[in-house]
Structure formats: C-alpha cells, structure tokens
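Student: Questions regarding the structure given below will be posed in turn.
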Amino acid sequence: MKRFWAVLLLCLALPCPADDGALSEVLGKLRQVGQASFQYHEIQTLELAASPWRASGIMLTDEAGSLVKLQLQPSRVIMAISGDSLYYWDAAQNRRHSMPIAYADETAAQILIFRGILLGRAEELTAGYDLAADVRNPDWSLHMQPKNAQAGDNTPTIDISGDADPDKRRILLRRADGETTEYRIEKVAAPHAENYSIPQLLREAGGE
Amino acid sequence: MRFAWRKRCFLLLLPVLLAVTLWQIRVESDLNAFFTHTNDADAELLSGLLQSGELSRRYLLVVEESAANARDAPSLAAFSAKLIQQLAQLDQVEQVWPAARPPRDWLDATQFYAPYHARIYSLNPARDAASLFDPQALPGRADGLRQALLSPQGGFVKSIAKQDPLLLSLNGFKTLQAGFQQTRDDGALILQSRPPALDSAAHAKLRAAIDARFDDLNQAAGRAFRLSIAGVPVFSVAARDEISRDVTLVSTASSLCVVLVFLLLFRSFSALHWLLLLQGCAFLIGILATQLIFGQVHSLTLALGASLIGICVDYPIHVMAHSAKHRSSPLHNARLLWPSLWLGGLTTVIGYAAMGFSGFPGFEQIAVFALFSIAASLGLTRWLLPALLRHGSLHIADLPGIAGWVAFCGRRRKALLSLIACAAVLAVFSLPRLGWMDDMQKLTMNMDAIKQQDATVRAHFSSMEPGRFVLIRADDFETALQRAEAAERRLQDLQRAGVVKSYHGLFPWLASQALQAENARVYNAALTAEFQDAWRAALDLAGLSADKLGRLTPAGSGELAPEAVLETPVRHVLSGQLLAERQGVALALWLGDHDPAGLAAGLQGLAGTRYFSQREQLNQLAGQYRDRSLRMLAIGIAVMGFLIWLQIRGLRNTLLTLLPSLAAVLFIFASWALLGEELSFVHVIGLLLSISLCVDYGIFFIENRGGDSEVTYHAIAASTLTTLASFGALGLGKTPTLPILSLSVSLGVVLGFLLCPLLIPKTDPA
Chain F
886 MKRFWAVLLL
896 CLALPCPADD
906 GALSEVLGKL
916 RQVGQASFQY
926 HEIQTLELAA
936 SPWRASGIML
946 TDEAGSLVKL
956 QLQPSRVIMA
966 ISGDSLYYWD
976 AAQNRRHSMP
986 IAYADETAAQ
996 ILIFRGILLG
1006 RAEELTAGYD
1016 LAADVRNPDW
1026 SLHMQPKNAQ
1036 AGDNTPTIDI
1046 SGDADPDKRR
1056 ILLRRADGET
1066 TEYRIEKVAA
1076 PHAENYSIPQ
1086 LLREAGGE
Chain D
4 MRFAWRKRCF
14 LLLLPVLLAV
24 TLWQIRVESD
34 LNAFFTHTND
44 ADAELLSGLL
54 QSGELSRRYL
64 LVVEESAANA
74 RDAPSLAAFS
84 AKLIQQLAQL
94 DQVEQVWPAA
104 RPPRDWLDAT
114 QFYAPYHARI
124 YSLNPARDAA
134 SLFDPQALPG
144 RADGLRQALL
154 SPQGGFVKSI
164 AKQDPLLLSL
174 NGFKTLQAGF
184 QQTRDDGALI
194 LQSRPPALDS
204 AAHAKLRAAI
214 DARFDDLNQA
224 AGRAFRLSIA
234 GVPVFSVAAR
244 DEISRDVTLV
254 STASSLCVVL
264 VFLLLFRSFS
274 ALHWLLLLQG
284 CAFLIGILAT
294 QLIFGQVHSL
304 TLALGASLIG
314 ICVDYPIHVM
324 AHSAKHRSSP
334 LHNARLLWPS
344 LWLGGLTTVI
354 GYAAMGFSGF
364 PGFEQIAVFA
374 LFSIAASLGL
384 TRWLLPALLR
394 HGSLHIADLP
404 GIAGWVAFCG
414 RRRKALLSLI
424 ACAAVLAVFS
434 LPRLGWMDDM
444 QKLTMNMDAI
454 KQQDATVRAH
464 FSSMEPGRFV
474 LIRADDFETA
484 LQRAEAAERR
494 LQDLQRAGVV
504 KSYHGLFPWL
514 ASQALQAENA
524 RVYNAALTAE
534 FQDAWRAALD
544 LAGLSADKLG
554 RLTPAGSGEL
564 APEAVLETPV
574 RHVLSGQLLA
584 ERQGVALALW
594 LGDHDPAGLA
604 AGLQGLAGTR
614 YFSQREQLNQ
624 LAGQYRDRSL
634 RMLAIGIAVM
644 GFLIWLQIRG
654 LRNTLLTLLP
664 SLAAVLFIFA
674 SWALLGEELS
684 FVHVIGLLLS
694 ISLCVDYGIF
704 FIENRGGDSE
714 VTYHAIAAST
724 LTTLASFGAL
734 GLGKTPTLPI
744 LSLSVSLGVV
754 LGFLLCPLLI
764 PKTDPA
C-alpha cells in the first residue's frame, strides 16, 4: 500500500517541475522588454469569405506597453492599444473607432491577448487562459486554452510556436465557429521613417 | 359636562390625538404632488414626465482630471470605466454608460432586427431605393462588408450579415450612432436612476452613494479627479433641502412670533400654555384630517399651515381680550362673541376653500387643513377655553395708538372718507396697468448656482433636452407609429433646413405595419435577377462567399411586432418615449437644439402631432391657476357677503362689513400696478386670504358684541398682530411663493385693520 501511494505521489509530482520549467522557458522566449518592431503576415480564414484573406504589415511595441498593428497590404488599417484605450482606423472605408479597453467586445479583446503574447506578459495571459508549454529543442510551442469556455463563447484557442530563430514565431488562433487567423511574425530593426513612429500612428488612428 | 371634566378629558385625549397623528402621518416631499395639476391630459402627461420620465431620471456625470493630477493616477478613461462598474452596482441605478457610446445591450439589440431587414431599412423606402439598390454601388458595399468583418466589430457584423447580407437592417441605426457624441470625452457618463425624478428623498440617498463611490476610487487614484453632476434629480434634491429649511424656519419663526405677541399683550405664561395646548390640538386635528383625506401631508402644507397659528389664535384672543377688559368670565364672553366668532371663522374657511378651488393641487390640502384647524379652534374656544381659564385672571396691555386712531377717524371721518374716495377712483383707473407674470419659473426657487453647473456639465453631452419634444397622440399604436413616422420625415426636412439640430425618433426601433409593408414592396421590386447577379459578382470581387452571402431572399410575411420588440432590451431605449396615457397612445420624439417657433410651424398639418414644451405647459397651467384664482376671488367675496347678510340681515351693514377688506385689496392691486409688480395666482390667492381675514375684523367691529368699540378694536388689533406675526414669518422662506403670500396677506390685513374704524361707523352692540 505504501508503495502504491509513493508511486502515485511521484506521478502527480513529476510533471509539475517539468511543465513549470517548459512554461518558464517558453515565456522567457516570448518576453519582450522595451521598444520592438515586427513584420507580420496574416492569413484569416473567415466563415463568410470565399478564400483565405491575406494581409501584411508591421507591429510596433514600446516600453509603456503600447501596441500598434499597422496593416499596409492590401490597404492601410491601424489597430492599436495605448494606455487604456483601443483605436481602429480604416482609411479606405473612413471608419474609425476608439474606446476604453474595458468597453471592447470579444473581437476587439483579442488584440489585448496579442499584446500579452508579443510582450510575453504572463499575468495577462494566465488571467483568461490555461497555458501548456512544450519544448523539443530547438522547437517550442505554447498552447493556450480559454478558461471557463462556455457554449456560444467564441474566444479562440491560441497556439504559439517557434524554433531556433529567436526572432520568428507563428501564432495560430482558432475560434469555436471554425474561423482561424494565422500570424507569422519576425522581429525586425525599427523602421526609421517618421510615419512608423508609435505616437504618430496613434495620432493618425485617433483622428488628431 | 362640568368644566373640571372637560379639562380632564382634554388633557387625557390630547396625548392620544398626538400619538394617533404621529402613527398615521406620512409627510410627502414630492414637489410634483404639490405643484402640478392632473385635470387634463396635457397636465397629466406633464406630471408623469416630471415624475418618472426617462430623461427626468437621468444624471449627467462629468469626471475631469483635477489640476493637481497625481503622477501615477490612471487615465481618465480607465478611471471612468472603473466608476461605471462601481455605480452599476448601486440598487437605485438602472444603467450607467459612457456618453460617447451607447450601452452594449442597446447595440446588441440591433441584431434582433436582422431577420426583418427587408421591412425596416428606410423611413422613405421609395425615395431611398435608388441609392440603396443601385447595382453600381454594390462592389463598394461588398468591400465595406469585408472590411467590417475584419474590423473590431467583426463578430457583431458577421451575425447580422448571415441573415442580412446587404446590412440593410443597420441602415436606420446609423442615425442612432450619430445621435451619440462623437468626441472622445471619456469622463462624460450617463446614469439612469430608478426612482422617480421628484422622489427627492431617494435621490438624496443615491447622490450620497454616487459621491461615496467616486470618493473611494478617487482616493485610491491620489485625488487626481473631480466629479460634477447635473440632471433633473439634482434640482429635486436641492429643492427638497430648501423646502425643508423653509418648513423649519417658517414654522419656528411663526410660532415664536405668535408667542411673543401673546406674551406682550397678556403677560401670562399660564394663559399662554393653555393657548398653546389648544392650538396644538387644533393643529393636530388639521394634520390628521388632511392625512386621512389625502393619504399624505405635504411638507409645504405644514409650512403654509404654520401661518394658520396666527389665525386660529384670533378666536381665543378675542375672548380673552374681552374678558380682560371687562373683567368678566371667559365663559360669558365666549357665549357673547360666539355668533361673531362663528361667522368670522366661516368667512376665513370660505377664503381657504376658494383657494383650494383655484386648481393648484397643493392648495387643496391647505384648504382642508385650514377647514379642520379653524373649526377645531372655534369649537375649542367656545367649549373648552372657558374651562381652561376658569381660575385665572386676565390682563391685557393697552396698545398705544389704538384709541387715538379710533378717535382720529371719528373726528376727521368726512375728510378722510373724501380722501379715500379720491384714492379709490385713482386706484380703479390704475388697474388696467396691472401686469401678469407669464413665466412660472419666476415662482420657483433661485437655483442659479445649480443651473450654472447644469449648463457646464451639459456642455459635455449631446443636447437632447428633457423638457421639449414632439408629442404624438392617437387612439391605437399603429396609428401613433404612422404619425410618428410622418413627423420624423418632417423632422428630417427641418433638420436639413437648420431648424432642429438633432432628434431622437422611434424608427427603426419601431416601425408601423404600413411602413414595413411599403419597405417590403420596394425591396421585393428591387430584388431583380440582375441585381442578384450584380451582388454575387461584387461578393466575388471582394473575396466574400457568394454561397453564404449571395442569396438575397424576398421579404417574408413575418412582420416586426412592437410587442416582440418591447420584450428585448430595446424597451430600455424607448421607455422614455412611450408615454403613459389613460386613454390612447402617446409617443415622444426627443429634440436637440432647435428653434421652437420654426419647429412648431414646421409640424403644422400633421394629425395628432404637436410641439410640447414642459416650460410652456407649466406657464399655461400658471395662467389657468391665475384665471381660476381671480374667479375664486370674486366667488369667495360673493359667498362671504351672502353669509354676512344672512347673519346681519341688512344690505348696508353687509357692504360696510366688506368695505375695509375690499378697499384694502383695491389699494394693494393699484399699488402693484403702479410699481410694475408682475402678479401671479399666488398674489391673488394671498389677497383672497387677506379678504377672508379682514372680513372677520369687519364682522367684529360692526357687531361690536362687547358693547365697547375701543375694546373690540383692541381685540381686533391683537388678532392683527398675531396674523402679521405668523404670515410675516412666511416672508423668511426662500420658496418665492411664501414671501409673495406673506406680503399679500400682511398688506391686506394691515390696511383692512386701519380702514375698519374709518369706513365702519360706530354702532350699538348687536
């Protein structure tokens, strides 16, 4: 009997340090301090679209936690978080939104998660997701499962993966309705053009 | 019953009466119950709007960063979002949302309309069809749909697009979005409260709770923010505070003044304590009767009722003055003076009854209160006062000048009468110059500071006004909706012409069956094979699925039923626009900044539709009150004259009795005409009361039952002083009606008193 309990406890205990270690390692890879720029390619599979929709652009982050996603192709669209506000500006459609993050709906809330992923903010990610990491050097992955997901809830599951190149990663969002969004991002040197500065893009998105 | 037993019974029953009154009384502070009238449909509507209208229950909150902003403080948007969460937890809060964004459930409610898109896409379907169903515009619309699906609102748009690919159901809601403020004023919040606007007690508690929640958050944020609040309930709470102050001040001052006058005259604490117990009893009977008849006693009734102390003490004071002067028993004098006291009391009651019939609901309560208090005081004076004063001896101080004035009037009667006759002629000629108050706002309290804050706060919000709107009336809901749609079409024209800046209508939240049928007809006609092909081609071009979005189905037979709409959160959106009516249906279209005259003219010719202004409605009511109070003044004088004639049985003496009070009123009206004073129904009511009081003096003077004109005039002087003391105290009130009543009654009483010995020759006792 004693041997049974000992084996059981060992089985329960063993995965913990292993998982914690992998998770810490993966979160360490994700962690981003200070200003950074990423080039991204996005493929969205929408239920109402005839074919996958592709876009590309750059993402910018800064020390204060601002995130600007500037879509350059096929048209210029800015989606951004700065402080407690969320901004959206579609120049081609002349459509502009700005709202406190607390007011953002389910779709808009995804950019918050994206910020958490890009900046490696573990506390933001664990608030709404159960995290499971897997490290098979040089590859690594992080699976994020929404906590307390209910029927009709369209919060996506998220898979982030990478390899030996620390500047590249792939992010796949899968929603309950079958829609997916895949991002391939690569850290690049900060663009020097004034048009690509975070304050300038936030002003443009805010309509100032 | 023997005197000793009367006294014992009184002392035993008085505490019982006090206990019963305290047990029964429910003091009402709702101003609406006092100030608005419910005899006609418009007044009833006004009353309902003030009481529970959606906009009247709304607080406007503005959070701003204070000058001493803490370095680590959250942003204004984050602080406002936290405040919204905190305030939403309060029991008395129905909903709270940022002014720049509609509440989430309003937005979500628009999804309910997607299946009905072919029936509600336009208020003018025939006119809009050319642009809405233009095949050339379809590529642009498909492109817009794709971008909307990719935007932060993608989830919301997708659920609608699956049922309504052309997003026609959102067409009408574009104006709703425009109705919300487009600035990024993160600190502007709207709080919809649950209690009726004029339930000031509930709003005082809610206001305290709002301030407490804000203070807690602000303290945590290093006092980096400040809060300003406006809205109808803010005025309601301020008014309640002022009225409470007035009630306390007036009743205390009135009681103290009457006590001082009594002590000055009789210098007897013993007599005073009996008098106070007697008046207390009369007062309690008045309160209890009012409570039993109306189910509540308004605090303003208590304030104005306090002035009755000065009238009710007149009856015992008359008896006591005669007893003191003649060294005779109070019982003898109570019996001797009873006919005069009875008639005097009756004429006073008639004055108050006429006031009650003036149409002003608050005065109905005061009239009932006065009727029972005066009747009780008269009865107690006749049957109890002699028992209470059986063992005491009374002395009354000589009032200086009384004898001199009576003698002077006797000596110079002819000259003085000629002078008064000339003055009366001049007074009559000045009457056409009388000016009438046409703005009831002048009768409300001075709240300039709150009004200024209200204007400052409202500058942060879109300018939907709570008090002015387009009113639609019809016998049934369908007709009302059709009329509302016709009015909205007219408002669109007026908006283009710059007459109205914005409006908040009912379409497309609610649409008449007729409009739905017209929309469906135009939609089905536009849905040609060519149009369907063009749409599918546009979808292909935009990269959207023609299989899922390309099938545009003709309008089905299922109509959008108002009952179904009102089961969704839309009922919150429309609750302030569906007005309660006893018969038929009334709808309101709210207005932003507008030109009232242009708007009223622009709405002409529309059945069951008109421009409604709460302020103008109140002024119209004030005009009605004034006209009725003038009629009541005439009727009151006629009834008093008739009753005096019944007792005195002589036309000359009847006219002589009335003459001092009528002359006083004529001179007061003339003075106001010459001074340019704007008169309201409150002025007229004040004069009516002064007549009913002065007539008492005439009755006492002409009947002269004590047989000594000087003693009678002394007793009248004592009555005048107590009346002045109590009505003078009303002048301390901040509610403008109180000083007006104070001035009207005081002037009338003083003039009537002075004219008595001049206009009424000395007579033998009756």
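Same order as they appear, the protein sequences are chains F and D.
Per the numbering used here, residue 886 is the first one in the first sequence, and the count goes up by one each step.
Per the numbering used here, residue 4 is the first one in the second sequence, and the count goes up by one each step.
Ideal Cβ placement from N, Cα and C applies to all residues, glycine included.
Model, not experiment: these values are computed from the prediction.
Are any of the Cβ atoms in chain F nearer than 7 angstroms to that of residue 548 of chain D?
Tutor: Residue 548 of chain D sits at position 545 when you count from the first residue of the second sequence. Chain F contact via Cβ: present.
Student: By how many angstroms is the C-alpha of residue 145 of chain D removed from the C-alpha of residue 975 of chain F?
Tutor: Translated into the one-based positions of the first sequence, residue 975 of chain F becomes position 90. Translated into the one-based positions of the second sequence, residue 145 of chain D becomes position 142. Between residue 975 of chain F and residue 145 of chain D, the C-alpha separation is close to 15 angstroms.
Student: Are the beta-carbon atoms belonging to residue 763 of chain D and residue 659 of chain D less than 7 angstroms from one another?
Tutor: Locating residue 763 of chain D in the second sequence gives position 760, counting from the first residue. Locating residue 659 of chain D in the second sequence gives position 656, counting from the first residue. In contact: residue 763 of chain D and residue 659 of chain D (Cβ atoms closer than 7 angstroms).
Student: Spell out a yes or no on whether the segment 601–612 of chain D and the segment 551–565 of chain D are touching, meaning 3 or more CB-CB pairs, one atom from each, closer than 8 angstroms.
Tutor: With the cut-off at 8 angstroms, the segment 601–612 of chain D and the segment 551–565 of chain D do not touch.
Student: Assuming residue 321 of chain D and residue 718 of chain D make a contact with CB atoms under 8 angstroms, what is their CB distance in whole Å?
Tutor: Against the second sequence, residue 321 of chain D aligns to sequence position 318. Against the second sequence, residue 718 of chain D aligns to sequence position 715. Indeed, because the Cβ distance is near 5 angstroms, the residues count as touching under 8 angstroms.
Student: With a CB to CB cut of under 7 angstroms and the five nearest residues on each side skipped, what residues in its chain are close to residue 685 of chain D?
Tutor: One-based indexing of the second sequence puts residue 685 of chain D at position 682. Cβ within range, chain order: 446, 740, 743, 744.
Student: Taking only runs that begin and end inside the segment 570–628 of chain D, name each unbroken beta strand (DSSP E) of 3 or more residues, in chain order.
Tutor: With a minimum length of 3 residues, the continuous beta strand (DSSP E) runs that stay inside the segment 570–628 of chain D are 588–594, 612–616.
Student: Looking at chain F, is there any beta carbon in it that lies within less than 7 angstroms of the beta carbon of residue 551 of chain D?
Tutor: For the purposes of this step, residue 551 of chain D is taken as residue 548 along the second sequence, with counting starting at 1. It does; some Cβ of chain F falls within 7 angstroms.
Student: Where DSSP assigns a beta bridge to residue 1018 of chain F, which residues make up the other side?
Tutor: Taking the first sequence and counting its residues from 1, the one referred to as residue 1018 of chain F is at position 133. Paired residues: F:1027.
Student: Quick one: any contact between the segment 379–398 of chain D and the segment 271–290 of chain D, if contact means 3 or more CB pairs under 8 angstroms?
Tutor: Contact between the segment 379–398 of chain D and the segment 271–290 of chain D is present, because at least three Cβ pairs lie under 8 angstroms.
Student: Determine whether the beta carbon atoms of residue 353 of chain D and residue 751 of chain D lie at a separation below 7 angstroms.
Tutor: Your numbering for residue 353 of chain D matches position 350 in the second sequence. Your numbering for residue 751 of chain D matches position 748 in the second sequence. No; because the gap between Cβ atoms is not below 7 angstroms, this pair is not in contact.
Student: Since I believe residue 156 of chain D is in contact with residue 61 of chain D (beta carbons under 8 angstroms), could you give me their beta-carbon distance rounded to a whole number of angstroms?
Tutor: One-based indexing of the second sequence puts residue 61 of chain D at position 58. One-based indexing of the second sequence puts residue 156 of chain D at position 153. Their Cβ separation, rounded to whole angstroms, is 27 angstroms, which puts residue 61 of chain D and residue 156 of chain D out of contact at 8 angstroms.
Student: Am I right that residue 1039 of chain F and residue 1060 of chain F are in contact with their C-beta atoms under 8 angstroms? What's the rounded C-beta distance?
Tutor: Here residue 1039 of chain F corresponds to residue number 154 of the first sequence, with the count starting at 1. Here residue 1060 of chain F corresponds to residue number 175 of the first sequence, with the count starting at 1. Confirmed, Cβ separation roughly 5 angstroms.
Student: How would you write the range of the beta strand (DSSP E) that residue 1072 of chain F sits in, first residue to last?
Tutor: Within the first sequence, the letter at position 187 stands for residue 1072 of chain F. Unbroken beta strand (DSSP E) run through residue 1072 of chain F: 1065–1073.
Student: Does any residue of chain F bring its CB to less than 7 angstroms from the CB of residue 78 of chain D?
Tutor: Within the second sequence, residue 78 of chain D is the residue found at index 75, counting from 1. Residue 78 of chain D counts as touching chain F.
Student: The alpha helix (DSSP H) with residue 355 of chain D in it runs from where to where?
Tutor: On the second sequence, position 352 is the one that residue 355 of chain D refers to. Residues 333–359.
Student: Find the nearest neighbour of residue 288 of chain D within the set D:276, D:272, D:270, D:308, judged by alpha-carbon distance.
Tutor: In the second sequence, counting from the first residue as 1, residue 288 of chain D sits at position 285. Of the candidates D:276, D:272, D:270, D:308, the one whose C-alpha sits nearest the C-alpha of residue 288 of chain D is D:308.
Student: Closest to residue 76 of chain D by C-alpha separation, out of D:372, D:223, D:682, would be which residue?
Tutor: Here residue 76 of chain D refers to the residue found at position 73 when the second sequence is read from its first residue. For the residues D:372, D:223, D:682, the minimum Cα distance to residue 76 of chain D belongs to D:223.
Student: For residue 763 of chain D, name the three-state secondary structure that DSSP assigns.
Tutor: The residue labelled residue 763 of chain D in the question sits at position 760 within the second sequence. If DSSP states are grouped into helix, strand and coil, residue 763 of chain D belongs with coil.
Student: Per DSSP, residue 943 of chain F forms a beta bridge with which residues?
Tutor: Here residue 943 of chain F refers to the residue found at position 58 when the first sequence is read from its first residue. Paired residues: F:924, F:955.
Student: How far does the alpha helix (DSSP H) with residue 551 of chain D in it reach, from first residue to last?
Tutor: Counting from one through the second sequence, the residue named residue 551 of chain D turns up at place 548. Per DSSP, residue 551 of chain D belongs to the alpha helix (DSSP H) from 549–552.
Student: Got a sec, what are the start and stop residues for the beta strand (DSSP E) residue 970 of chain F sits in?
Tutor: Residue mapping note: residue 970 of chain F aligns to position 85 of the first sequence, counting from 1. Segment 970–975, the beta strand (DSSP E) holding residue 970 of chain F.
Student: Please list the segments of the alpha helix (DSSP H) lying wholly inside the segment 681–708 of chain D, counting only runs of 4 or more residues, in order along the chain.
Tutor: Counting whole runs of 4 or more residues, the segment 681–708 of chain D contains the alpha helix (DSSP H) stretches 684–706.
Student: My guess is that residue 162 of chain D and residue 124 of chain D are in contact by the Cβ rule of under 8 angstroms, so how many angstroms apart are they, rounded?
Tutor: Along the second sequence, read from residue 1 onward, the residue named residue 162 of chain D stands at position 159. Along the second sequence, read from residue 1 onward, the residue named residue 124 of chain D stands at position 121. With a Cβ gap of about 18 angstroms, residue 162 of chain D and residue 124 of chain D do not count as contacting.
Student: Find the nearest neighbour of residue 135 of chain D within the set D:528, D:109, D:440, D:359, judged by alpha-carbon distance.
Tutor: Reading the second sequence from its first residue, position 132 is the one you call residue 135 of chain D. The candidate whose alpha carbon is nearest that of residue 135 of chain D is D:528.
Student: So with Cβ pairs under 7 angstroms, would you call residue 147 of chain D a contact of chain F?
Tutor: Start at 1 with the first residue of the second sequence, and residue 147 of chain D comes out as number 144. It does; some Cβ of chain F falls within 7 angstroms.
Student: Could you check what DSSP says for residue 1106 of chain F in three-state terms: helix, strand or coil?
Tutor: The structure shown does not extend to residue 1106 of chain F, since chain F is modelled only from 886 to 1093, so the question has no answer here.
Student: So residue 968 of chain F contacts chain D; which residues on that side make the cut at Cβ distance below 8 angstroms?
Tutor: As a working mapping, residue 968 of chain F is identified with position 83 in the first sequence. The contacting residues are 78, 80, 81.
Student: Give me the DSSP bridge partner(s) of residue 1044 of chain F.
Tutor: Numbered from its first residue, the first sequence carries residue 1044 of chain F at position 159. For residue 1044 of chain F, which the question treats as bridged, DSSP gives the partners F:1028, F:1057.
Student: Ignore the nearest five residues each way along the sequence and tell me which others in residue 185 of chain D's own chain have a CB closer than 6 angstroms to its CB.
Tutor: Sequence index remark: in the second sequence, residue 185 of chain D carries index 182 (1-based). Caution applies to residue 185 of chain D, whose pLDDT of 49 falls short of 50 and renders its modelled position unreliable; the model cannot decide the point.
Student: Taking 7 angstroms as the threshold (beta carbon to beta carbon), is residue 1096 of chain F in contact with chain D?
Tutor: Past the edges of chain F, shown from 886 to 1093, lies residue 1096 of chain F, and the structure says nothing about it.
Student: Can you check which of these residues, D:215, D:119, D:256, is closest to residue 726 of chain D by C-alpha distance?
Tutor: For this step, residue 726 of chain D is matched to residue 723 along the second sequence. Of the listed residues, the one whose Cα sits closest to residue 726 of chain D is D:256.
Student: So which residues on chain D does residue 982 of chain F lean against when the C-beta distance must stay under 8 angstroms?
Tutor: If you number the first sequence from 1, residue 982 of chain F lands on position 97. The answer, in chain order, is 154, 155, 156.
Student: Does any residue of chain D have a CB that is nearer than 7 angstroms to the CB of residue 976 of chain F?
Tutor: Here the question's residue 976 of chain F lines up with position 91 in the first sequence. No, residue 976 of chain F lies away from the interface with chain D (no Cβ there is under 7 angstroms from its Cβ).
Student: Rounded to whole angstroms, what is the Cα-Cα separation between residue 23 of chain D and residue 291 of chain D?
Tutor: Locating residue 23 of chain D in the second sequence gives position 20, where the first residue counts as 1. Locating residue 291 of chain D in the second sequence gives position 288, where the first residue counts as 1. For residue 23 of chain D and residue 291 of chain D, the distance between alpha carbons rounds to 8 angstroms.
Student: Is the segment 949–962 of chain F in contact with the segment 1080–1087 of chain F, if contact means three or more CB pairs nearer than 8 angstroms?
Tutor: Flag = yes, the segment 949–962 of chain F and the segment 1080–1087 of chain F touch.
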